[in-house]
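Undergrad:
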């Protein structure tokens, strides 16, 4: 073991003397620091702006004057997706989804205004965030610093000298891995500080931040082991470098894109318009509120009249139009829910493809673990959309309920012809103040932790594989000597 | 000719080089295939929308009793068809919707809808020919060319080879040309097949092919300049990988950060809210105020502008349009912000040739940010035609007839649109 430390120490001293290595490390640390600071500033601004916008929206709703409740159904409100607790570390899909949903009656709108559509299209690869630095750039730095570790000794013939001093292949590779591991820890440092800072400010996120940090540590450990193994196997350092850069390009650049490209065409989503048209067709089949003789609404009316023992809707103890609006909204919302659930399943299957592609690319696994942990993944966005829809339905039904109970049926029927009746259908502005506000909480830390398990297992598999390859490289080195 | 055959044979005998070229060709073919599949999906999506439209219109015609009602329920499709090069450069088509249905209501509340895409698929970027050309092909070129001279020197053959008569022309030039040609073939053959399948116009096909060649030429020059300096193969490889890494990953990401920070884009959510406040506020404002403002824009409708004491769609559509005008400045600023960022990105493209070539590719394919903004302008122009068509009926008080609904102006994707009609 002492020999391992000695070899690691010698390798580190060599790196310290190498200008290239120093420049590489300093560049990465600088990028990492820039990423951490800008991302923290940007996400803090975004979080503040969205929270402020939500407050203003709620205030505007409550400040509306006396109105017919149905006007409020159309006035609607907005739900803004809050910024995830660890989004500064890994913004995930935040900029690729809309962030604001307009909530109104009869319609289900999409989330609009996302940063990606407002960005310059300068080689869309990744935003400079701490997560991007660790996933993409750090492995490359490790390759540059580690590819020659063993191969260089072999080329110079110094492997023999080491062996002559009693160094086993295991201790040589172990020492090299140890030295590279120190570099990896250094590369992790700024991002870990960013993560730690977020955890300090939100203590309940501390546990999950630790798991994310461990996931990245494991990811970089797999790279360290793999790099040393390749350096130990390759005949020349040139061969080691080329093989490692090819592996990096495949794992970090190619597989994630290819998997996403294939998932998108192999299991396509219906477009929004597809869904709109399908819902419109279903509505015409189930119950068309525009059609006076529609069987569903005729049955609905008969049932209500029977229930209250009256013969005319005018004799109902409430405003029939409000009840009708509630029934209409119930039907459309059920369809919105059904179609959204179907699209959610497709999206989950698509993301499932990416999960499986983690077998080919640990970069995908660590990205997934990181996004899930930071609550900036698809699941969190879907949860937000579903929460917004549930809130929309509740709000609209409350307003329709007000139309049924607080607006006189006679006035409501006459309002399009009689301006005075129209005036009377405007109910008190105080009602708007009683409406609940939209609130969305990201999935709990324990739920996210559970969702991280598959990706963490895949990462574990990769670490085991890397150990295996390193062991194989050691036996090979032992057998063939230097 | 013998020289070429010799170099091809040597390239073919080197298992690693051959594998790199074959893999590049496979990736390029996969990129083209995925691109074609994406374009086919987009086209099918547009077809389905247009095929579904008659049933929608028939249903609306079944219950509509006046032009205002018809305009309220009269959603019309607008779409941005994929160009004949979109398969090679998918660009922003995954984040900017290609189809939308609009009606005569305030457009600012309709224009920014998003497609129902899976954001996790957009996260990594597109897998298309641009990606293969800009990111992957340079790495293969580096692998094939970084040790043209240093490799021979390390094998102890450099002096011998260089002293052959005409070595420069007959050996090095041919060797380099054969390797570059291998990379070009791996990219251009799949592209040509894709272009034939997509029915790409020949001049556009040649232009795009030229951009692919330009990208390879740029990298070849960079690689040969580094390789000539006389350092060892391993130093060359490390230097070139660092250059690639800086030019395609780090500097663009940093430039993007700088551009987004220096060109602010107004908050879209605020724009939407402002629009809603004005539109819904109209219900509580004196109706004359709305009509006066509207008639100032449309004096030709003054004669028929008298309102009954109760609700009328004339007034309703008047305030819808005024709601768009109310945020016109913000909307313009929003657009200008995005266009401004794109302009800076183009400027950065001159300093970062790979980024510049990628932008030229998406611009040629009509899949860049500019194309996205132009589509929005076409929608604006069409929306103007659509609502003005209904104004004529609303303000003339002509008796309603369902043919009014059937004769609405239709969107034409080829129509340039009078940009800035609003």
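Residue numbers (our numbering), protein chains in the order written: chain Z, 225 to 706; chain A, 16 to 437.
From the three backbone atoms N, C-alpha and C, an ideal C-beta is built for every residue, glycine too.
Source: prediction; values computed, not measured.
1) Is the separation between the beta-carbon of residue 255 of chain A and that of residue 236 of chain A shorter than 9 Å?
2) Is the shortest distance between the beta-carbon of residue 351 of chain Z and the beta-carbons of chain A less than 9 Å?
3) Please state whether DSSP places residue 649 of chain Z in a helix, a strand or coil.
4) In chain order, what residues of the same chain lie with their CB nearer than 7 Å to the CB of residue 46 of chain A, ignoring the 5 residues before and after it?
5) Using the three-state DSSP reduction, which class does residue 435 of chain A fall into: helix, strand or coil?
6) In chain Z, what lies closer than 7 Å to residue 107 of chain A by C-beta?
7) If we count the other Cβ atoms within 10 Å of its Cβ and call it buried at 16 or more, is residue 29 of chain A buried or exposed?
8) Determine the closest residue to residue 191 of chain A out of A:380, A:234, A:65, with distance taken between C-alpha atoms.
9) At the 9 Å Cβ level, is residue 238 of chain Z part of the contact set with chain A, yes or no?
10) Which residues mark the beginning and the end of the alpha helix (DSSP H) in which residue 271 of chain A is found?
11) Can we say the segment 679 to 695 of chain Z touches the segment 634 to 651 of chain Z, given the rule of at least three CB pairs closer than 8 Å?
12) Using the three-state DSSP reduction, which class does residue 164 of chain A fall into: helix, strand or coil?
13) Which runs of the alpha helix (DSSP H) spanning at least 4 residues fall entirely within the segment 113 to 147 of chain A, listed in chain order?
14) Can you give me the Cβ contacts of residue 714 of chain Z inside the same chain, cut-off strictly under 7 Å, excluding the 5 residues immediately before and after it?
15) Can you give the Cα-Cα distance for residue 437 of chain A and residue 212 of chain A, rounded to whole angstroms?
16) Counting contacts by CB-CB distance shorter than 9 Å, is residue 198 of chain A in contact with chain Z?
17) Rounding to the nearest angstrom, what Cα-Cα distance links residue 226 of chain A and residue 378 of chain Z in this structure?
18) Which residues does DSSP pair with residue 92 of chain A in a beta bridge?
19) DSSP state of residue 225 of chain Z, grouped into three classes?
20) My output table needs one value for residue 543 of chain Z: the three-state DSSP class, helix, strand or coil.
21) Among residues of its own chain, excluding the 5 on either side of residue 453 of chain Z, which ones have a beta-carbon nearer than 8 Å to its beta-carbon?
22) Using the Cα positions of residue 434 of chain A and residue 392 of chain A, report the straight-line distance between them to the nearest angstrom.
23) Can you find a C-beta in chain Z that's less than 9 Å from the C-beta of residue 92 of chain A?
24) Taking 9 Å as the cut-off, decide whether the C-beta atoms of residue 155 of chain A and residue 44 of chain A are in contact.
25) I'd like to know whether the C-beta atoms of residue 363 of chain A and residue 352 of chain A end up nearer to each other than 9 Å.
26) Are any of the Cβ atoms in chain Z nearer than 9 Å to that of residue 47 of chain A?
27) Anyone know if the C-beta pair for residue 437 of chain Z and residue 408 of chain Z falls short of 9 Å?
28) Establish whether the CB of residue 295 of chain A and some CB of chain Z are separated by less than 9 Å.
29) Can you list, in chain order, the residues of its chain whose CB lies under 6 Å from that of residue 75 of chain A, leaving out five sequence neighbours each side?
30) Residue 148 of chain A CB to nearest chain Z CB: under 9 Å?
31) What is the rounded straight-line gap between the Cα of residue 505 of chain Z and the Cα of residue 497 of chain Z?
32) Nearest to residue 381 of chain A by alpha carbon, out of A:359, A:106, A:70?
33) Which of helix, strand or coil does DSSP assign to residue 357 of chain Z?
34) Taking three-plus beta-carbon pairs below 8 Å as touching, is the segment 126 to 134 of chain A in contact with the segment 448 to 462 of chain Z?
35) Could you tell me whether any Cβ in chain Z is nearer than 9 Å to the Cβ of residue 212 of chain A?
36) Whole-angstrom Cβ separation of residue 298 of chain Z and residue 329 of chain Z, contact assumed at under 8 Å?
TA: Judging by the given coordinates:
1) Residue 255 of chain A sits at position 240 when you count from the first residue of the second chain. Residue 236 of chain A sits at position 221 when you count from the first residue of the second chain. Not in contact: residue 255 of chain A and residue 236 of chain A (Cβ atoms no closer than 9 Å).
2) Start at 1 with the first residue of the first chain, and residue 351 of chain Z comes out as number 127. Chain A, which has a Cβ nearer than 9 Å to the Cβ of residue 351 of chain Z, makes this yes.
3) By 1-based counting over the first chain, the position of residue 649 of chain Z is 425. The answer is coil: DSSP assigns residue 649 of chain Z none of H, G, I, E or B.
4) Stepping through the second chain from its first residue, residue 46 of chain A is reached at position 31. Within the same chain, residue 46 of chain A has close Cβ partners 142, 143, 144, 146, 147.
5) Translated into the one-based positions of the second chain, residue 435 of chain A becomes position 420. Because the pLDDT at residue 435 of chain A is just 42, under 50, the model does not fix this residue reliably, and the value given afterwards should be weighed accordingly. In this structure, residue 435 of chain A counts as coil in the three-state DSSP scheme.
6) Taking the first residue of the second chain as 1, we reach residue 107 of chain A at position 92. What residue 107 of chain A touches in chain Z: 345.
7) As a working mapping, residue 29 of chain A is identified with position 14 in the second chain. Flag for residue 29 of chain A reads exposed.
8) Your numbering for residue 191 of chain A matches position 176 in the second chain. Measuring from the Cα of residue 191 of chain A, the nearest candidate turns out to be A:234.
9) Counted from its first residue, the first chain places residue 238 of chain Z at position 14. No, residue 238 of chain Z does not count as interfacial toward chain A.
10) Position 256 of the second chain, counted from the first residue, corresponds to residue 271 of chain A. 266 to 277 is the extent of the alpha helix (DSSP H) around residue 271 of chain A.
11) no
12) Reading the second chain from its first residue, position 149 is the one you call residue 164 of chain A. Correct three-state label for residue 164 of chain A: coil.
13) 134 to 137
14) This structure cannot settle anything about residue 714 of chain Z, because the visible part of chain Z is limited to 225 through 706.
15) Residue mapping note: residue 437 of chain A aligns to position 422 of the second chain, counting from 1. Residue mapping note: residue 212 of chain A aligns to position 197 of the second chain, counting from 1. Only weak support exists for where residue 437 of chain A lies, its pLDDT of 39 falling under 50; the coordinates are left without a value.
16) On the second chain, position 183 is the one that residue 198 of chain A refers to. Chain Z, which has no Cβ nearer than 9 Å to the Cβ of residue 198 of chain A, makes this no.
17) Your numbering for residue 226 of chain A matches position 211 in the second chain. Your numbering for residue 378 of chain Z matches position 154 in the first chain. Taking the straight line joining both Cα atoms gives about 43 Å.
18) Here residue 92 of chain A refers to the residue found at position 77 of the second chain. According to DSSP, which records beta bridges pairwise, residue 92 of chain A is partnered with A:116.
19) Locating residue 225 of chain Z in the first chain gives position 1, where the first residue counts as 1. Here residue 225 of chain Z sits in coil by DSSP.
20) As a working note, residue 543 of chain Z is residue 319 in the first chain. Looking at residue 543 of chain Z - three-state DSSP - the assignment turns out to be coil, as it is neither helix nor strand.
21) Within the first chain, residue 453 of chain Z is the residue found at index 229, counting from 1. Closer than 8 Å at the Cβ level, and outside the excluded window around residue 453 of chain Z, lie 397, 690, 693, 694, 696, 697.
22) Sequence index remark: in the second chain, residue 434 of chain A carries index 419 (1-based). Sequence index remark: in the second chain, residue 392 of chain A carries index 377 (1-based). Confidence at residue 434 of chain A is low in this model, with a pLDDT of 44, below 50, so its placement is unreliable and the value that follows should be read with caution. C-alpha separation (whole angstroms): 6 Å.
23) Position 77 of the second chain holds residue 92 of chain A. Residue 92 of chain A counts as touching chain Z.
24) As a position in the second chain, residue 155 of chain A is number 140, starting the count at 1. As a position in the second chain, residue 44 of chain A is number 29, starting the count at 1. Not a contact, by the Cβ cut-off of 9 Å.
25) One-based indexing of the second chain puts residue 363 of chain A at position 348. One-based indexing of the second chain puts residue 352 of chain A at position 337. No, Cβ-Cβ distance for residue 363 of chain A and residue 352 of chain A is not below 9 Å.
26) Position 32 of the second chain, counting from 1, holds the residue named residue 47 of chain A. Not closer than 9 Å to any Cβ of chain Z, the Cβ of residue 47 of chain A fails to qualify, so no.
27) Position 213 of the first chain, counting from 1, holds the residue named residue 437 of chain Z. Position 184 of the first chain, counting from 1, holds the residue named residue 408 of chain Z. No. Outside cutoff.
28) Position 280 of the second chain, counting from 1, holds the residue named residue 295 of chain A. At least one chain Z Cβ lies under 9 Å of residue 295 of chain A.
29) The residue labelled residue 75 of chain A in the question sits at position 60 within the second chain. Contacts found: 88.
30) Position 133 of the second chain, counted from the first residue, corresponds to residue 148 of chain A. No, because no Cβ of chain Z sits closer than 9 Å to the Cβ of residue 148 of chain A.
31) Working through the first chain from its first residue, we reach residue 505 of chain Z at position 281. Working through the first chain from its first residue, we reach residue 497 of chain Z at position 273. If I take the Cα positions, the gap works out to 12 Å.
32) Reading the second chain from its first residue, position 366 is the one you call residue 381 of chain A. Answer by Cα proximity: A:106.
33) Locating residue 357 of chain Z in the first chain gives position 133, where the first residue counts as 1. Note: residue 357 of chain Z maps to helix in three-state DSSP.
34) no
35) The count along the second chain starts at 1 and reaches residue 212 of chain A at position 197. No, because no Cβ of chain Z sits closer than 9 Å to the Cβ of residue 212 of chain A.
36) Locating residue 298 of chain Z in the first chain gives position 74, counting from the first residue. Locating residue 329 of chain Z in the first chain gives position 105, counting from the first residue. Correct: roughly 6 Å between the Cβ atoms.
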